[in-house]
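S.K.:
Residue numbers (this note's numbering), protein chains in the order written: chain A, 634 to 691; chain B, 3 to 439.
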């Protein structure tokens with residue numbers, strides 16, 4: 634496309650395998666006076682990525 | 003809903019509901035925003051409209067509202083702030099703990115109370131495996147013997163109970179020795195050190211209880227900590243109206259060698275000379291622009307650093323329910339005061355009208371907990387129409403309560419700053435990825 638560059642499509646995850654509650658509580662990181670979930674990571678997806686990286690390096 | 007913005011000499015568009023993110027040219031921006039199209043040729047306009055239509059039909063531009071709702075109330079708790087000491091060796095002028103009194107007398111938590119809190123957390127955590135405990139204050143190092151004993155107790159039961167504790171400690175580093183740092187390395191998943199930046203900025207507001215400057219001792223200890231730290235940490239500061247040029251404080255801390263940084267706007271009532279006022283917002287927004295530019299430049303050098311509010315994980319982003327819900331205060335996250343009283347979060351500590359129970363008799367105010375649990379993007383004033391709603395989840399409930407008397411009514415100056423930081427985070431992500439291609 635000449636006028637639009639896609640950076641990411643559909644980052645909103647709303648599948649049935651969500652809302653497990655295992656991710657970090659946002660205020661437990663460094664803010665303590667605001668609420669930022671945008672910079673947090675999904676615990677399940679992060680574990681999957683870490684495992685994939687581990688398998689690749691084997 | 004599509005939000006367009008310009009930053010760092012580039013134009014971007016964020017589709018709020020799908021979370022899709024694009025770099026765009028001025029023609030696309032004008033079409034989306036309904037601006038004057040006369041500067042552009044009809045051929046260019048037609049081409050850009052075709053691209054927009056294609057993305058619309060793919061469901062990634064002007065996407066319909068996310069169909070997500072909170073699961074019914076569940077009394078599970080998985081995160082806890084343990085306020086082990088209301089007491090503090092510093093007397094920071096802006097402290098929400100009100101000089102260590104937390105609206106009450108200065109108290110220190112006993113081991114029996116801390117142990118009961120851990121037992122309550124494990125008991126109420128249901129099937130959740132990852133449990134977070136933050137040691138907070140006041141200054142938690144003033145109750146460090148209790149902290150150590152509590153950590154070891156939690157470790158002694160975590161395997162048999164099928165749990166994984168992640169401990170954090172937030173300290174002013176005024177008194178920190180190698181033995182303390184070794185314990186942090188063994189047990190603390192995250193350590194947050196409070197420093198406000200430049201010497202004169204820090205000393206102006208972070209004096210000792212006796213009125214002495216704290217900067218020299220704090221920096222000496224923090225640098226020693228950084229040298230020995232194995233694991234996650236943040237150096238976290240607060241900026242006030244006294245240092246609206248806070249970009250200089252972030253860069254100062256980076257120049258000292260710290261590479262995980264956070265600086266937060268102070269939250270104070272307008273009558274305080276340090277408070278952030280509406281008229282300060284343009285200056286602060288310009289400062290974030292300046293920081294974003296310097297951030298990108300430094301991350302290509304040996305002065306690489308992370309700024310907490312410019313971090314964004316768009317590939318492993320939290321799910322829609324988490325984005326609606328936010329911090330979970332009063333629901334899955336609670337704070338425990340030194341006497342064992344349970345509050346929705348550390349910022350509510352001492353406000354008796356929102357006490358939820360105590361660690362000995364249990365949490366017995368589920369009606370109030372439900373109000374906190376269901377407080378989310380759809381229930382908050384004006385949030386439904388805001389493009390940033392899935393990045394801040396409607397803001398901090400404690401700030402809403404303190405400023406507007408209602409956890410569902412966000413504190414507006416914080417909204418404006420949050421929006422700016424999200425724009426910066428997204429633009430930085432796009433630019434850094436583009437440079438890697």
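Ideal Cβ positions, reconstructed from N, Cα and C, are used throughout, including at glycine.
Computed from a prediction, not measured in an experiment: that's the story for all the values here.
1) Quick one: which chain A residues come within Cβ less than 7 Å of residue 329 of chain B?
2) Examine the Cβ distances between the stretch 289-309 of chain B and the stretch 325-341 of chain B and report whether three or more of them are shorter than 8 Å.
3) Could you check which residue in B/234, B/108, B/387 and B/157 has the C-alpha nearest to that of residue 352 of chain B?
4) Report yes or no: do the stretch 80-90 of chain B and the stretch 138-157 of chain B share at least 3 C-beta pairs separated by less than 8 Å?
5) Could you pull out every unbroken beta strand (DSSP E) segment of at least 3 residues lying fully inside the stretch 70-156 of chain B, listed in chain order?
6) Kindly indicate if chain A contains any beta-carbon less than 8 Å away from that of residue 259 of chain B.
7) Can you give the Cα-Cα distance for residue 35 of chain B and residue 60 of chain B, rounded to whole angstroms?
8) Using a Cβ cut-off of 8 Å (strictly closer), state whether residue 84 of chain B contacts chain A.
9) Looking at chain A, is there any beta carbon in it that lies within less than 8 Å of the beta carbon of residue 315 of chain B?
10) Measuring CA to CA, which of B/240, B/30 and B/118 is closest to residue 365 of chain B?
11) Find the residues of chain A that neighbour residue 334 of chain B, judging by a C-beta separation of less than 9 Å, and give them in chain order.
12) Which of helix, strand or coil does DSSP assign to residue 180 of chain B?
13) Using a cut-off of 8 Å between C-beta atoms, extract the partners of residue 347 of chain B located in chain A.
14) Please determine, among B/347, B/391, B/306 and B/394, the residue with the shortest C-alpha to C-alpha distance to residue 374 of chain B.
15) My understanding is that residue 392 of chain B touches residue 21 of chain B, with C-beta atoms under 8 Å, so please give their C-beta distance in whole angstroms.
16) Thinking just about the alpha-carbon of each residue, which of B/355, B/384, B/338 and B/385 is nearest to the one in residue 1 of chain B?
17) Does the beta carbon of residue 380 of chain B come closer than 8 Å to any beta carbon on chain A?
18) Give every residue of the same chain whose Cβ lies closer than 6 Å to the Cβ of residue 24 of chain B, excluding the five residues on either side of it in the sequence, and list them in chain order.
19) Does DSSP put residue 239 of chain B in a helix, a strand or coil?
20) Under a Cβ-count criterion, where at least 16 other Cβ atoms within 10 Å of its own Cβ denotes burial, should residue 349 of chain B be classed as buried or exposed?
21) On the DSSP letters alone, give me the boundaries of the beta strand (DSSP E) that residue 17 of chain B sits inside.
22) Which residue spans inside the stretch 329-390 of chain B form an unbroken beta strand (DSSP E) run of at least 3?
23) Residue 131 of chain B and residue 655 of chain A - do their beta-carbons sit closer together than 8 Å?
24) Nearest to residue 400 of chain B by CA position, among B/394, B/412, B/389 and B/390, is which residue?
M.R.: Considering the structure as presented:
1) 658, 659, 660 and 668, listed in chain order.
2) Fewer than three beta-carbon pairs drawn from the stretch 289-309 of chain B and the stretch 325-341 of chain B are found closer than 8 Å, and the two stretches are therefore not classed as touching.
3) B/108
4) yes
5) Taking only runs of at least 3 residues, the beta strand (DSSP E) segments lying wholly in the stretch 70-156 of chain B are 81-87 and 132-139.
6) Residue 259 of chain B does not count as touching chain A.
7) Here the alpha carbons of residue 60 of chain B and residue 35 of chain B stand approximately 20 Å from one another.
8) The beta-carbon of residue 84 of chain B is placed no less than 8 Å from the nearest beta-carbon of chain A.
9) yes
10) B/118
11) Within chain A, the C-beta atoms nearer than 9 Å to that of residue 334 of chain B come from 654 and 658, in chain order.
12) helix
13) Here the neighbours are 660.
14) B/347
15) 7 Å
16) Here chain B covers residues 3 to 439 and nothing more, so residue 1 of chain B does not appear.
17) No, no contact with chain A.
18) Only 15 meet the Cβ criterion.
19) strand
20) buried
21) Its beta strand (DSSP E) spans residues 12-17.
22) Segments of the beta strand (DSSP E) lying fully in the stretch 329-390 of chain B: 335-338 and 343-345.
23) yes
24) Cα-wise, what sits closest to residue 400 of chain B is B/412.
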